[in-house]
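One structure below.
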Amino acid sequence: MDQVLGFVGVGRMGGPMANRLLDAGHTLCVFDTNGEAVKPLAARGAKVASSAEDVASSADMVLISLPTPPIVQAVCLNSVLKGNRLKTLIDLSTTGPSVASVVAKAASERGVSWVDSPVSGGIGGATKGTLAVMVSCRKDTFPVVDPVLKTFGKTFYVGEKPGLAQIAKLANNLLAAAAIVLSSEAVAMGVKAGLDAKTLCDIINAGSGRNSATQDKFPKSVIPRTFDFGFTTGLSYKDVRLCLDEAEALGVPMVAGAAVRQMLAITNAKFGPDSDFTSIARVVEEWAGVEIK
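Just so you know, we're using the numbering used here here: the sequence shown kicks off at 8 and counts up by one.
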């Protein structure tokens, strides 16, 4: 393939996605502030750049996967958009619509096509190529980027307005966190009353209460006591805060959402931002005086 792809931020999510691009036969140029993160990709033939700007001077299309909105904005405005080869910039991060709008405007002023494309499905989905890939960009840009984004999973084009895909992602992540909060309360009640946690999850998953927490997160990370599903409390807390801020700006009440935010604030304070967001269950366990196992 003549087209060179760039990838900035090849950590827990970006690394597996970059690997999938190499699997698909793409020529890849990568950069990460953590030198260890790029080594496996370099061993597979990826070129390692000296900076994000260097990536954007080596590649026509650059994808970024970075942890927070301020980092995304700073890296894009101060580095990536200064590259002299860049034609299309795809943001796979969760930034919220405000940052998406700022970066989209800056990209447009430099003649670069901006693509807002947050993903959902965790590290497992990134590795297997089963992510939900939300996309907002100009209609004529979507056919250009869709073949690349399909490498990561199923694409959903949601419209042209910058930040629309971010709204979809924030809605998804609010529900993902809410499922853990409510499932923790329900399963803790059942265990304290004498039910087996796994059996209760099996019952819920065969009935109308099934959700992503009881189907996936509890069997993998809560009941085995590993609390290592692969998404940090700090990032979940950030996403839920962004979601509630956007809802407030739009005049949409989120009463239950505020409770989810509070539970994440407590989990974040108690176990730290680097803890896994399944640690929400540990807060409920402590309050209930029971272990979900």
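From the three backbone atoms N, C-alpha and C, an ideal C-beta is built for every residue, glycine too.
Every value quoted in this text rests on a predicted model; they were computed, and no experiment measured them.
{"Item": "Spatial distance of Leu156 from Val140 (CA atoms)", "Value": "7 Å"}
{"Item": "Given Ser64 as reference, the closest of Leu35, Asn41, Pro74, Lys46 once Cα atoms are compared", "Value": "Leu35"}
{"Item": "Same chain, Cβ closer than 7 Å to Ile174, five either side skipped, listed in chain order", "Value": "Pro104, Glu253"}
{"Item": "Alpha-carbon spacing of Val194 relative to Leu207, whole angstroms", "Value": "7 Å"}
{"Item": "Residue nearest to Thr95 in terms of C-alpha spacing, selected from Ile210, Glu292, Val11, Pro76", "Value": "Val11"}
{"Item": "Cβ-Cβ separation, Ala295 to Lys199 (assumed contact under 8 Å), whole Å", "Value": "6 Å"}
{"Item": "Backbone CA spacing between Val122 and Asn212 [nearest angstrom]", "Value": "36 Å"}
{"Item": "C-alpha gap between Phe279 and Asp61, whole angstroms", "Value": "According to the sequence displayed, residue 279 carries Gly and not Phe. Near 34 Å, if we compare the C-alpha coordinates of Asp61 and Gly279."}
{"Item": "Own chain residues within Cβ distance below 7 Å of Val106, not counting five before or after", "Value": "Pro76, Val79, Gln80"}
{"Item": "Closest residue to His33 among Leu181, Asp98, Gly22, Gly13 (Cα-Cα distance)", "Value": "Gly13"}
{"Item": "Identified DSSP bridge partners for Phe14", "Value": "Val37, Leu70"}
{"Item": "Residue closest to Asp246, alpha-carbon to alpha-carbon, out of Asn275, Ala220, Pro23, Arg232", "Value": "Asn275"}
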